[in-house]
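Student:
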Amino acid sequence: MRVRRAALLASCLLVSALLYGCAMAEASQRKLRVCADPNNMPFSNSRQEGFENRIASLIARDMSAKVEYTWFAQRRGFIRNTLNTSVCDLVMGVPASFDLTLVSEPYYRSSYVFVTRHDRRLAIKSFDDPSLRSLRIGVQLVGDDGANTPPVHALDKRGIRGNLKGYMVYGDYLDANPGAAIVQAVAKGEVDVAVVWGPIAGYFARGQPVKLDVVPVSPQVDLPFMPFVFDIALGVRRQDKIFRDELDTILRRERPAISAILNEYGIPRVGTSTRPTA
Amino acid sequence: MRLVEKRKVRLQARSVAACAGSLLFVLIACGPAEKTSTPPRGTPSTLAPAGASGGAAGADASGDDGQWTMPAKNYSSTRYSALDQINAQNVSQLKLAFSFNTGIPRGHEAAPLVVNNTMYIVTPFPNYVYALDLTQPGAPQKWAYKPRVEQAAQGVACCDVVNRGLAYDNGRIFLNTLDNHSIALDANTGQEIWNTKLGEINVGETITMAPLVVKGKVLVGNSGGEMGVRGKITALDAGSGKIVWQAYNTGPDKDVLIGASFKPYYASDKGKDLGVRTWPSDAWKVGGATVWGWLSYDPELNLVYYGTGNPGPWNPDQRPGDNKWSAGVFARDADTGEAKWFYQMSPHDLFDYDAINESVLIDMPVGGVKRKVLLRAERNGYVYVMDRATGQVLSATPFGFINSTKGIDLKSGRPIENTEKTPHVGIVARDICPSSSGTKDFQPTAFSPRTGLLYIPHNNLCMDYEGVEANYIAGTPYVGANVKMYAGPGGHRGQFTAWDPVAQKAVWTVNEIFPVWGGALVTGSNIVFYGTMDGWFKALDARSGKELWKQKLGSGIISPPITYRGPDGKQYLAIFDGVGGWAGAIVVGDMDPRDSTGALGFANAMKDLPKYTTKGGTLYVFTLP
Numbered sequence: 001m002r003v004r005r006a007a008l009l010a011s012c013l014l015v016s017a018l019l020y021g022c023a024m025a026e027a028s029q030r031k032l033r034v035c036a037d038p039n040n041m042p043f044s045n046s047r048q049e050g051f052e053n054r055i056a057s058l059i060a061r062d063m064s065a066k067v068e069y070t071w072f073a074q075r076r077g078f079i080r081n082t083l084n085t086s087v088c089d090l091v092m093g094v095p096a097s098f099d100l101t102l103v104s105e106p107y108y109r110s111s112y113v114f115v116t117r118h119d120r121r122l123a124i125k126s127f128d129d130p131s132l133r134s135l136r137i138g139v140q141l142v143g144d145d146g147a148n149t150p151p152v153h154a155l156d157k158r159g160i161r162g163n164l165k166g167y168m169v170y171g172d173y174l175d176a177n178p179g180a181a182i183v184q185a186v187a188k189g190e191v192d193v194a195v196v197w198g199p200i201a202g203y204f205a206r207g208q209p210v211k212l213d214v215v216p217v218s219p220q221v222d223l224p225f226m227p228f229v230f231d232i233a234l235g236v237r238r239q240d241k242i243f244r245d246e247l248d249t250i251l252r253r254e255r256p257a258i259s260a261i262l263n264e265y266g267i268p269r270v271g272t273s274t275r276p277t278a
Numbered sequence: 279m280r281l282v283e284k285r286k287v288r289l290q291a292r293s294v295a296a297c298a299g300s301l302l303f304v305l306i307a308c309g310p311a312e313k314t315s316t317p318p319r320g321t322p323s324t325l326a327p328a329g330a331s332g333g334a335a336g337a338d339a340s341g342d343d344g345q346w347t348m349p350a351k352n353y354s355s356t357r358y359s360a361l362d363q364i365n366a367q368n369v370s371q372l373k374l375a376f377s378f379n380t381g382i383p384r385g386h387e388a389a390p391l392v393v394n395n396t397m398y399i400v401t402p403f404p405n406y407v408y409a410l411d412l413t414q415p416g417a418p419q420k421w422a423y424k425p426r427v428e429q430a431a432q433g434v435a436c437c438d439v440v441n442r443g444l445a446y447d448n449g450r451i452f453l454n455t456l457d458n459h460s461i462a463l464d465a466n467t468g469q470e471i472w473n474t475k476l477g478e479i480n481v482g483e484t485i486t487m488a489p490l491v492v493k494g495k496v497l498v499g500n501s502g503g504e505m506g507v508r509g510k511i512t513a514l515d516a517g518s519g520k521i522v523w524q525a526y527n528t529g530p531d532k533d534v535l536i537g538a539s540f541k542p543y544y545a546s547d548k549g550k551d552l553g554v555r556t557w558p559s560d561a562w563k564v565g566g567a568t569v570w571g572w573l574s575y576d577p578e579l580n581l582v583y584y585g586t587g588n589p590g591p592w593n594p595d596q597r598p599g600d601n602k603w604s605a606g607v608f609a610r611d612a613d614t615g616e617a618k619w620f621y622q623m624s625p626h627d628l629f630d631y632d633a634i635n636e637s638v639l640i641d642m643p644v645g646g647v648k649r650k651v652l653l654r655a656e657r658n659g660y661v662y663v664m665d666r667a668t669g670q671v672l673s674a675t676p677f678g679f680i681n682s683t684k685g686i687d688l689k690s691g692r693p694i695e696n697t698e699k700t701p702h703v704g705i706v707a708r709d710i711c712p713s714s715s716g717t718k719d720f721q722p723t724a725f726s727p728r729t730g731l732l733y734i735p736h737n738n739l740c741m742d743y744e745g746v747e748a749n750y751i752a753g754t755p756y757v758g759a760n761v762k763m764y765a766g767p768g769g770h771r772g773q774f775t776a777w778d779p780v781a782q783k784a785v786w787t788v789n790e791i792f793p794v795w796g797g798a799l800v801t802g803s804n805i806v807f808y809g810t811m812d813g814w815f816k817a818l819d820a821r822s823g824k825e826l827w828k829q830k831l832g833s834g835i836i837s838p839p840i841t842y843r844g845p846d847g848k849q850y851l852a853i854f855d856g857v858g859g860w861a862g863a864i865v866v867g868d869m870d871p872r873d874s875t876g877a878l879g880f881a882n883a884m885k886d887l888p889k890y891t892t893k894g895g896t897l898y899v900f901t902l903p
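In the order they appear, the protein sequences are chains V and U.
The end of the first sequence is residue 278 by this note's numbering, with every number in the run present.
The end of the second sequence is residue 903 by this note's numbering, with every number in the run present.
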């Protein structure tokens with residue numbers, strides 16, 4: 001009994017030593033601490049299957065660091081509870097004009113898109129398409145006190161109101177893919193057309209049983225000023241300028257690899273997304 | 279290299295298995311105790327049962343003033359106690375009797391309860407409940423109840439992770455948790471009696487309101503109007519936790535429990551399925567109109583009164599119509615939940631003017647005739663005097679500076695719109711008063727039957743609504759209004775007003791630097807108490823507004839005070855500090871004061887709050903020497 005206890009003690013000590021050793025080894029390796037949503041495909045999930053997870057790994061590799069995640073649903077308070085509490089240092093996707101963080105150079109530019117069933121041959125390309133007056137249109141809702149996604153405002157401006165159906169971008173967080181409902185609704189015929197943010201549309205359209213068409217909206221901007229196209233950048237804390245500059249360098253260096261990842265996930269892109277490099 | 283690694287891993291695995299037993303033990307020993315309870319001390323149980331207090335005649339009929347058994351003191355929601363030991367002559371001698379720190383540095387909006395010489399308090403998330411033994415020196419813990427509240431609920435709550443209080447009835451304490459559980463506890467032991475889940479955080483629902491127990495039913499509403507939640511109120515059987523009735527605030531009449539007995543006063547509230555027809559297509563399914571505020575009850579009419587939140591989540595342009603039954607007040611049969619009448623304060627709400635404020639039920643003369651009225655100091659800036667049997671608006675008078683509307687048309691019951699102040703995306707609207715926070719938000723009023731005055735803790739804030747701002751939720755960019763709130767006319771951001779509902783005018787007003795985001799208490803000795811966001815707990819002469827006493831507390835105050843008679847026969851006052859909530863988000867959220875649009879624009883108005891106060895969460899109890 002005593003012997004066994006001694007053995008147990010020894011093995012516990014060994015474990016502690018090993019764990020300590022691991023911690024020491026880890027401490028010497030740089031960490032890329034990413035703030036991400038654990039259930040928000042195609043961007044990220046806790047199994048690290050999203051394109052933002054892949055790009056984070058790519059950046060980490062470039063800087064010889066190890067990726068470490070802080071998981072938090074990307075809703076109101078996300079920046080406040082993650083980046084700004086310093087539990088993590090990097091948000092993989094924010095609009096380039098986002099003022100809650102310091103932003104990198106944009107690494108892709110996407111657009112809101114029309115999603116329709118290919119077999120319907122609706123060929124909608126513009127908010128000014130007259131057929132939008134009678135079709136059932138799915139739109140994304142964010143619910144931030146009256147703030148809507150830009151397509152909602154675009155349709156509203158054209159007097160198109162009664163035939164809209166809203167899908168919360170949060171969806172049901174218990175679902176494997178909370179954001180997919182609006183794309184599935186097109187495939188199932190619940191709506192005739194949906195106006196969806198490009199990455200969500202491009203990724204989920206490919207998994208549907210019927211072929212879906214994904215077409216960037218036009219115009220790209222409604223006047224006085226309502227953009228449908230957004231540059232997406234990395235976000236860091238406002239004071240982390242040196243880190244941001246380092247990320248900018250890496251983004252430039254890894255542009256082809258990033259582009260390949262975005263292609264792999266079917267992310268629709270428009271125009272150029274970065275400033276020309278010197 | 280690889281070989282060594284492998285061996286390491288194997289070694290590790292084996293020793294971990296060997297340690298598992300002891301590790302597990304350590305984990306258990308170190309983990310937070312789910313619940314600790316001690317058997318009840320021999321507490322007297324002969325005091326009057328809760329629920330007997332309050333009545334149709336208002337505060338006059340309130341029962342045992344030694345106790346505080348429901349958040350608003352009584353069913354009439356007067357927050358009036360006849361206790362008068364602490365009076366104008368001796369109030370300045372108040373001293374601390376004991377204090378209790380919750381250790382949770384978030385907004386504390388809940389007032390304590392006092393029943394059978396025990397004080398019951400509830401914290402913000404994670405919604406711990408403590409019972410303090412008032413018969414012992416220093417009021418030691420009798421028991422603590424620590425529910426396992428889902429962490430993720432914090433990410434769903436809109437405006438800090440607050441809880442607005444507990445309710446007591448028939449030997450039980452009733453608690454709502456942020457993750458949508460309604461729970462009954464044995465008041466003596468803290469043992470959980472039942473636990474009913476009423477909503478789903480994964481679709482954006484939370485609960486922040488205090489329950490009200492009426493005739494053996496626990497009434498609970500949901501929060502989350504911003505998240506595309508469908509507002510509802512549920513009556514649970516206090517004995518078993520089973521749902522007795524549930525009424526939605528949007529959708530077809532059968533879901534809203536609108537039937538033959540529904541008799542709204544105004545034409546615009548009459549018609550079939552208005553909860554569907556006043557919305558575009560099926561927008562009512564995500565239409566908000568939640569119930570996160572206060573409930574009142576009139577035993578004579580057997581009606582429960584509550585207000586509904588803002589319509590959501592579409593912007594106003596996209597939800598043409600009145601958006602029933604949002605931003606209004608319902609009267610429902612307490613037994614069946616059937617709607618009896620509804621009145622909409624803000625049809626087609628443009629400004630986030632939730633109508634969740636408390637309904638104070640009193641009898642008062644209107645045009646020389648005594649009427650059963652419902653008094654509401656409303657978010658949209660009017661004090662409504664309504665006939666509580668019919669829903670008729672008898673008068674609606676501004677109690678602060680208003681320009682978002684030009685008055686209430688008593689014929690139609692509708693506000694007269696000011697089109698200059700109508701916000702649209704891409705259009706700048708400046709100087710909209712009141713701001714989205716309203717002239718008064720949830721912070722409850724008090725009514726004294728002795729002075730006949732309604733004591734209103736409130737805000738003096740206006741806002742600009744301009745431009746577009748790129749934002750991002752769940753990977754989806756959107757554009758929002760850039761809302762900035764700031765002080766209204768005079769430069770002070772808060773006011774405390776004594777209002778004469780009969781004469782429809784303010785009798786006296788005290789200006790405060792910050793919004794008065796707590797609540798009021800008025801006593802039989804004509805003293806009115808309230809706390810400020812810069813941390814002062816104040817006592818004023820209820821007739822003149824003259825300051826009689828004040829005490830600085832550790833953190834800003836956003837909760838209402840209460841009073842009770844201790845086992846020693848002395849009168850006590852209890853109040854929480856703990857700044858937070860929507861108004862205090864800049865402190866509890868450690869927000870950057872440079873973000874003028876933070877907390878939906880509220881942060882702009884509160885930039886200097888961090889200089890005045892820090893986070894807290896302490897209960898202070900005062901008495902005379």
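We treat Cβ as the ideally placed atom computed from N, Cα and C, and that holds for glycine.
Which residues mark the beginning and the end of the alpha helix (DSSP H) in which Ala-187 of chain V is found?
Tutor: Ala-187 of chain V: member of the alpha helix (DSSP H) spanning 181-188, first to last residue.
Student: So within the segment 174-234 of chain V, which uninterrupted alpha helix (DSSP H) runs reach at least 4 residues, ignoring any that extend past its ends?
Tutor: Runs found: 181-188, 198-205.
Student: Check whether the Cβ atoms of Leu-497 of chain U and Ala-513 of chain U sit closer than 8 Å, and answer yes or no.
Tutor: Yes, the pair counts as a contact, with Cβ atoms nearer than the cut-off.
Student: Give me the subset of the segment 70-84 of chain V whose CB atoms are less than 8 Å from a CB atom of chain U, sorted by chain position.
Tutor: Phe-72, Ala-73, Gln-74, Arg-75, Arg-76, Gly-77, Phe-78, Arg-80, Asn-81, Asn-84
Student: Based on Cα-Cα distance, which residue from U:Gln-371, U:Glu-387, U:Met-397 lies nearest to Arg-843 of chain U?
Tutor: U:Met-397
Student: Determine the chain U residues that contact Pro-106 of chain V at a beta-carbon separation under 7 Å, and present them in chain order.
Tutor: Within 7 Å Cβ-Cβ: nothing; Pro-106 of chain V doesn't reach chain U, min ~12 Å.
Student: Under 8 Å, do Ser-574 of chain U and Leu-639 of chain U count as touching if we go by C-beta distance?
Tutor: yes
Student: Apart from the five residues on each side of it in sequence, which residues of its chain come closer than 7 Å, Cβ to Cβ, to Ser-64 of chain V?
Tutor: Arg-30
Student: From the DSSP output, read off the bridge partner residues of Gly-166 of chain V.
Tutor: V:Val-139
Student: Taking Cβ positions only, does Arg-161 of chain V come closer than 8 Å to chain U?
Tutor: yes
Student: Helix or strand or just coil, what does DSSP make of Lys-783 of chain U?
Tutor: strand
Student: Restricting to Cα atoms, I'd like to know which of U:Asp-447, U:Thr-810, U:Thr-486, U:Gly-482 is closest to Tyr-173 of chain V.
Tutor: Ranking the options by Cα distance to Tyr-173 of chain V, first place goes to U:Gly-482.
Student: How long is the line joining the alpha carbons of Ile-267 of chain V and Trp-603 of chain U, rounded to whole angstroms?
Tutor: 41 Å
Student: Quickly, what does DSSP pair Asn-40 of chain V with across the bridge? List them, please.
Tutor: V:Ser-44
Student: Are the Cβ atoms of Ile-836 of chain U and Asp-812 of chain U separated by less than 8 Å?
Tutor: no
Student: For the 8 Å Cβ check, are there 3 or more pairs between the segment 490-510 of chain U and the segment 537-553 of chain U?
Tutor: no
Student: Counting only C-beta atoms, is Val-152 of chain V closer than 8 Å to chain U at any point?
Tutor: Yes, contact with chain U.
Student: Mind the definition here: the segment 111-122 of chain V touches the segment 58-73 of chain V only if three or more C-beta pairs lie below 8 Å; say whether that holds.
Tutor: no
Student: Is there contact between the segment 757-774 of chain U and the segment 238-253 of chain V, where contact requires at least three CB pairs shorter than 8 Å?
Tutor: With the cut-off at 8 Å, the segment 757-774 of chain U and the segment 238-253 of chain V do not touch.
Student: Any C-beta of chain V within less than 7 Å: which residues of the segment 588-603 of chain U qualify?
Tutor: Answer in chain order: Gly-590, Pro-591, Trp-592, Asn-593, Pro-594, Asp-595, Gln-596, Pro-598.
Student: For chain U, find out if any of its Cβ atoms is closer than 8 Å to the Cβ of Gln-208 of chain V; answer yes or no.
Tutor: Not closer than 8 Å to any Cβ of chain U, the Cβ of Gln-208 of chain V fails to qualify, so no.
Student: Contact between the segment 89-99 of chain V and the segment 747-754 of chain U: three or more CB pairs below 8 Å?
Tutor: Segment contact: the segment 89-99 of chain V against the segment 747-754 of chain U, three or more CB-CB distances shorter than 8 Å; contact assigned.
Student: For Thr-754 of chain U and chain V, any beta-carbon pair shorter than 8 Å?
Tutor: yes
Student: Would you check if the distance between the CB atom of Ala-277 of chain U and the CB atom of Ser-715 of chain U is smaller than 8 Å?
Tutor: Here chain U comprises residues numbered 279 to 903, so residue 277 of chain U is not present and cannot be evaluated.
Student: Buried or exposed: where does Thr-697 of chain U fall if 16 or more other Cβ atoms within 10 Å of its Cβ makes it buried?
Tutor: Thr-697 of chain U should be labelled exposed.
Student: Counting C-beta neighbours from all protein chains within 10 Å, is the total for Gly-847 of chain U 16 or more, i.e. buried, or is it exposed?
Tutor: exposed
Student: For Phe-774 of chain U, which beta-bridge partners are listed by DSSP?
Tutor: U:Pro-735, U:Val-788
Student: Could you list which residues in chain V have their beta carbon closer than 8 Å to that of Asp-873 of chain U, in chain order?
Tutor: Chain-order list of chain V residues neighbouring Asp-873 of chain U: Asp-99, Leu-100, by C-beta distance under 8 Å.
Student: For Gly-506 of chain U, go through chain V and note every residue whose CB falls closer than 7 Å to its CB, in chain order.
Tutor: The contacting residues are Leu-141, Gly-143, Met-168.
Student: Please go through the same chain and pick out, in chain order, the residues whose beta-carbon is closer than 6 Å to the beta-carbon of Ser-359 of chain U, but skip the five residues on each side of it.
Tutor: Cβ within range, chain order: Asp-343, Thr-801, Thr-841.
Student: So if I threshold CB-CB distances at 9 Å, which residues from the segment 112-133 of chain V count as touching chain U?
Tutor: Answer in chain order: Tyr-112.
Student: Please state if the CB of Gly-585 of chain U and the CB of Ala-633 of chain U are separated by a distance shorter than 8 Å.
Tutor: Yes, they are a contact pair.
Student: Can you name the residues of chain U whose CB is closer than 7 Å to the CB of Tyr-173 of chain V?
Tutor: Under the 7 Å cutoff, chain U gives Asn-480.
Student: Could you check whether the segment 135-148 of chain V touches the segment 185-193 of chain V, counting it as contact only if at least three pairs of C-beta atoms, one from each stretch, sit closer than 8 Å?
Tutor: yes
Student: What residues in the segment 853-880 of chain U have a beta carbon less than 8 Å from any beta carbon of chain V?
Tutor: Gly-867, Asp-868, Met-869, Asp-870, Asp-873, Leu-878
Student: Mapping DSSP to helix, strand and coil, what is Arg-253 of chain V?
Tutor: helix
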